[in-house]
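In what follows, a single structure is set out as structure tokens and then discussed.
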Amino acid sequence: MPTDPTVLLLGATGRTGGRVLRQLLDRGVRVRAIVRSRAKLPAGVVESPGLTVVEASLLSLSDDELERHVRECDAVVSCLGHVLDLRGIFGPPRDLVTQAVRRVCRAIHATAPAAPTKLVLMSSVSVNRPKRLDARRGTIERALLRALRGVVPPPADNQRAADFLVAHVGPDDPDVQWVVIRPDSLLEGEVSEYVVHEGIVNSLFSPGSSNMANVAHFMCELVTKPETWREWRSKMPVVVNA
Ligand SMILES: NC(=O)c1ccc[n+]([C@@H]2O[C@H](COP(=O)([O-])OP(=O)(O)OC[C@H]3O[C@@H](n4cnc5c(N)ncnc54)[C@H](OP(=O)(O)O)[C@@H]3O)[C@@H](O)[C@H]2O)c1
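Numbering (my numbering), first residue to last: 138 to 379.
Laid out in structure tokens, this is it:
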């Protein structure tokens, strides 16, 4: 990766996305942010010379427009999430994250980048790794999560988006490499000590916590440090406060 990467950021107006935006700009990374409303970006960043804002509803962009935005980006970071009100949770688009991931991957493939584009997806500890790799997640917990996904769209959307990357993009795609980050309960707070685990470390009945600033920090490490990327590529790390 060149010393000054360019990152396409989705969800920059969100709680975690705003922190990712600030931290990337602080590191000298150029950011292209697709947001529904620039007025919702964190205070003081809009005039930043490293930031290009595209004001648009992501899923309304045409394939050509999306291709134009991913072209020449070294990485795409998605902090998209359903707005936590009745309409955001149960209304369309119920598959916001899955659609965004599928479309971004398609756009990256269409641009045939010279080097693989990194895709970092913010997900959740409610999302399972394939083949029951999260050995600490017991039968009751799995059954509860399955039931939850049947009733509430966002957890199902997060699982489908991760499954798409695991099953359809996989580890050997020449154009797209990915990491799915699974934070526990999100907290406010500054960057602090945190630990990155390969699998689940807490149960749903006794959850851990993840400062959004720490999640953002790990995302920034991934897109700016090749050794961090090599370590976590094609994995679904769990990020929790130390
Ligand atoms: N809450 C938790 O404890 C927790 C724990 C672990 C993981 N997570 C996961 O982490 C992710 C991010 O969480 P967060 O709390 O940082 O998110 P958030 O503050 O709710 O931000 C969500 C972002 O997605 C955008 N968005 C929502 N609907 C959209 C649409 N239809 N089209 C385009 N953009 C849309 C929002 O844009 P606008 O500003 O325009 O609405 C915003 O930028 C979610 O996937 C969530 O499931 C949450």
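Glycine included, every Cβ here is placed at the ideal spot set by N, Cα and C.
No experiment lies behind these values; they were computed from the predicted model shown.
Contact check for residue 313 and residue 363: beta-carbon distance about 17 Å, past the 8 Å limit, so the pair fails to qualify.
Each of 249, 294 and 333 was checked against the Cα of residue 230, and the nearest Cα belongs to 294. Around the beta carbon of residue 308, fewer than 16 other beta carbons sit within 10 angstroms, so the residue counts as exposed. CA-CA distance, residue 338 to residue 298, rounds to 22 Å. Note that the C-beta distance between residue 317 and residue 356 is not below 8 Å. Exclusion of the five residues before and after residue 340 leaves 273, 274, 275 and 278 as the residues of its chain whose Cβ lies within less than 8 Å of its Cβ. For residue 215 and residue 239, the gap between their C-alpha atoms comes out near 12 Å. When DSSP states are grouped into helix, strand and coil, residue 343 belongs to the strand group. Distance from residue 195 to residue 147 at the Cβ level is roughly 6 Å; contact confirmed, criterion being Cβ atoms closer than 8 Å.
Of all alpha-carbon atoms in 345, 249 and 267, the one lying nearest the alpha-carbon of residue 310 is that of 249.
Taking the Cα of residue 261 as reference, the smallest distance to any Cα among 219, 242 and 224 is reached at 219. With three or more CB-CB distances shorter than 8 Å, the stretch 163 to 171 counts as touching the stretch 181 to 194. When distances are taken from the beta-carbon of residue 370 to the heavy atoms of ligand 1, even the shortest one reaches 7 Å or more. Bridge pairing for residue 144: 168 and 212 [DSSP].
At least one heavy atom of ligand 1 falls within 7 Å of the beta-carbon of residue 219. Around the Cβ of residue 225, a 10 Å sphere holds fewer than 16 other Cβ atoms; the residue is exposed.
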